[in-house]
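Residue numbers (my numbering): 356 to 470.
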C-alpha cells in the first residue's frame with residue numbers, strides 16, 4: 356500500500372526558511388512523478404512544484420526562485436526547500452503521486468508564516 360508522510364512544517368517569520376519532507380512507502384519515488392501542493396483556508400488546493408522521474412522540475416509562478424523541489428532516492432523521500440517565505444505561503448502542504456490512475460496524498464504538514 357502506498358503511503359506518503361509529510362513533515363517539516365511549522366511557524367516561521369516572513370523571510371525565513373523551512374524544508375518539508377515527504378517520505379514514501381509502498382512505491383519507489385525514483386520512478387514516479389511527484390508533486391507538492393498546498394491549500395490555504397477558503398482556497399482551492401494548488402500545485403506548488405513537481406519533479407518527474409526523468410526531466411525538469413516545474414514550479415508555480417508564485418514560488419519560482421524561492422522554493423526548490425528535490426528527491427533522495429536512497430531515502431525514498433521528496434523535499435521542498437522553501438526560502439524567503441511570505442505570509443501568503445501559509446497553507447497546509449501535501450505531497451502527492453499518481454499510480455495507474457489512482458492519486459495518493461499524504462496527511463499534510465502545516466506551514467504558517469507570520470509577518
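All C-beta atoms, glycine included, are put in the ideal place defined by N, C-alpha and C.
Source: prediction; values computed, not measured.
Item: When the Cα atoms are used, what is the spatial distance from residue 422 to residue 373?; Value: 10 Å
Item: According to DSSP, simplified to helix, strand and coil, what is residue 443?; Value: helix
Item: Could you tell me whether the Cβ atoms of residue 360 and residue 378 are closer together than 8 Å?; Value: yes
Item: Since residue 452 and residue 389 should fall inside the 8 Å C-beta cutoff, what is the C-beta to C-beta distance between them, to a whole number of angstroms?; Value: 5 Å
Item: Pick out whichever of 395, 455, 447 and 415 has its Cα sitting closest to the Cα of residue 406.; Value: 415
Item: At what residue ranges does the stretch 385–432 contain a whole run of the beta strand (DSSP E), taking only runs of 3 or more?; Value: 389–394, 401–406 and 422–427
Item: Do you know whose CA, among 433, 400, 366 and 393, lies nearest residue 412's CA?; Value: 433
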